[in-house]
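In what follows, a structure is listed as C-alpha cells, so that the remarks can point back to it.
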Amino acid sequence: MTPSPTKELMSATPTISRRPREEFAEKGAIIREVEDGVRCEQCKSDCPGFAAHDWRKTCQSCKCPREAHAIYQQQTTNVHERLGFKLVSPADSGVEARDLGFTWVPPGARASTRINRYFEQLPDELVPRLGSEGACSRERQISYQLPKQDLSLEHCKHLEVQHEASFEDFVTARNEIALDIAYIKDAPYDEHCAHCDNEIAAGELVVAAPKFVESVMWHPKCFTCSTCNSLLVDLTYCVHDDKVYCERHYAEMLKPRCAGCDEVSLWPPPNQSLCIAPPIVYDP
C-alpha cells in the first residue's frame, strides 16, 4: 500500500494554480456551432427544426430551449479553442480521437488501453463513440455546460456597451483563476475520491485537475458539476470554494443569468431577469 501525503504536508487549500495569460489564444474563443434547422430532441417530430427567437434562447417553432436541440459543430470540437486557450497544455494526449473511433479522448491518455480503461468507467450512453448517442450527448453538453455567450463577447446579443468592459474582465479573471481542463493519470498512492470519498488505490486510473494539489483525485464517473451533477464535458471545469462546476453553473454563482435570453447579466440583482420571459428549463 502506498499512503498519501499526510495532512500536515498538504496545502491549507487544495487549489494551487493560475493559468498564465500567455496561454490564452490571441483570437479568443473560437466557436463553430450549427443550430439553424436542427431537430428537437425533446418534442421530436413536432418541431420542423430550430429557429432562433430574436431575444429568447428558445425555438420559435416548438418553444423548447435551444439546448434541447441537436446542435453540433462544423468541425471536430476542441474545447481548448472554444475556451480561447492555446493548444499547449502538457496534459494533451497527442492521440487522434477519430483514429480510435471516438470524437474525444481524455488528456493524459497516451495509449488506447488507457483510453479504454477510462471509458469503461463511464455510463455507456455517455461514451463519445463516432456516430453514437454518446457523441450527440457530448455535443449537447458542450453547448449547455460551456455556453458560447459566457465565453465570448461576440456571442452576447443583449449586453449593453457600458457593460462590455466588465464582461471582458469577468472572462479574463475566470479563465485565469477558475477555468481549466483536467486529465487522467494513475493514482500515485492510496487516496479517497474528492467526490464520493470512497477509496482510490495506488495505480488506479483517476481524474486530476491542475488547479488542485496532487492528492486531490476523482474516480472518472465522479468528476461532475457540484450543481447539476452532470459529468463534466471533456473534463472541463471551473473551481469555486474548492468544488468543481461546469462553466454555466460557476458563472451563475457569481452573476445572475437572464431567464429569458440565457446571458449572464452584469447589472440586475440576483434572481432578477433582464428579459421578460419564462425561465428556460432544460434537463440534459
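Using the UniProt record's numbering, the letters of the sequence shown map in sequence onto residues 1 to 284.
Every residue gets a Cβ at the ideal spot worked out from N, C-alpha and C, and that includes glycine.
Outcome for residue i when other beta-carbon atoms lying within 10 angstroms are tallied against a minimum of 16
{"i": "ASN175", "result": "buried"}
{"i": "PRO269", "result": "Summary for PRO269: the model assigns pLDDT 45, below 50, so the residue's position carries little reliability, and this model does not support an answer."}
{"i": "ARG56", "result": "buried"}
{"i": "LEU130", "result": "exposed"}
{"i": "GLY134", "result": "buried"}
{"i": "ARG98", "result": "exposed"}
{"i": "SER137", "result": "buried"}
{"i": "PRO279", "result": "In this prediction, PRO279 scores a pLDDT of 42, lower than 50, which makes its location untrustworthy; the coordinate-derived value is nonetheless stated afterwards. Exposed, since its Cβ has fewer than 16 Cβ neighbours within 10 Å."}
{"i": "THR113", "result": "exposed"}
Closest by C-alpha distance to residue i, when choosing among the options
{"i": "residue 345", "options": "GLN145, GLN141, ALA178 and GLU214", "result": "There is simply no residue 345 to check, as the chain begins at 1 and stops at 284 in what is shown."}
{"i": "ALA109", "options": "LEU231, ILE184, CYS222 and LYS243", "result": "ILE184"}
{"i": "HIS80", "options": "TRP104, PRO65, LEU100 and PHE212", "result": "TRP104"}
{"i": "ILE177", "options": "SER45, HIS155, CYS59 and VAL239", "result": "VAL239"}
{"i": "ALA201", "options": "GLN162, ASP241, SER112 and TYR189", "result": "TYR189"}
{"i": "VAL95", "options": "GLY84, ASN116 and PHE85", "result": "ASN116"}
{"i": "HIS158", "options": "ASP54, ALA135 and CYS43", "result": "ASP54"}
{"i": "GLY203", "options": "PHE212, HIS219, PRO210 and ALA209", "result": "HIS219"}
{"i": "HIS69", "options": "GLU252, PHE223, ALA135 and GLY49", "result": "GLY49"}
{"i": "ALA208", "options": "ASP99, SER61 and TYR118", "result": "TYR118"}
{"i": "CYS64", "options": "LYS44, SER132 and HIS155", "result": "LYS44"}
{"i": "ALA187", "options": "PHE170, MET217, PHE223 and GLU164", "result": "MET217"}
{"i": "VAL42", "options": "GLU67, ALA51 and GLN60", "result": "Reading the sequence as shown, one finds Gln at residue 42 and not Val. Taking only the C-alpha atoms, the option nearest GLN42 is GLU67."}
{"i": "ARG257", "options": "ASP169, CYS156 and PRO210", "result": "CYS156"}
{"i": "PHE85", "options": "ALA251, VAL171, LYS221 and SER265", "result": "VAL171"}
{"i": "PRO106", "options": "GLU125, ASN78 and CYS225", "result": "ASN78"}
Distance between beta carbons of residue j and residue i, contact taken as under 8 Å
{"i": "PRO128", "j": "PHE102", "result": "5 Å"}
{"i": "THR227", "j": "ILE181", "result": "Rounded, the Cβ-Cβ distance is 19 Å, inconsistent with contact."}
{"i": "PHE167", "j": "LEU153", "result": "6 Å"}
Endpoints, the alpha helix (DSSP H) within which residue i is located
{"i": "CYS238", "result": "That residue, CYS238, is in no alpha helix (DSSP H); its beta strand (DSSP E) goes 236-240."}
{"i": "ALA165", "result": "164-177"}
{"i": "LYS148", "result": "148-151"}
{"i": "TYR118", "result": "112-119"}
{"i": "TYR189", "result": "Where TYR189 is concerned, there is no enclosing alpha helix (DSSP H), given that its DSSP letter is neither H nor E."}
{"i": "CYS136", "result": "133-145"}
{"i": "HIS249", "result": "247-254"}
Beta strand (DSSP E) segment containing residue i, residue limits
{"i": "ALA208", "result": "205-208"}
{"i": "ASP186", "result": "183-186"}
{"i": "VAL79", "result": "Taken as a continuous stretch (DSSP letters only), VAL79 belongs to no beta strand (DSSP E), being part of the alpha helix (DSSP H) at 79-83."}
- prompt: So does the region 258-267 actually touch the region 222-240, counting three or more Cβ pairs closer than 8 Å?
  reply: no
message: Would the region 131-150 count as touching the region 243-257 if we require 3 or more Cβ pairs under 8 Å?
response: yes
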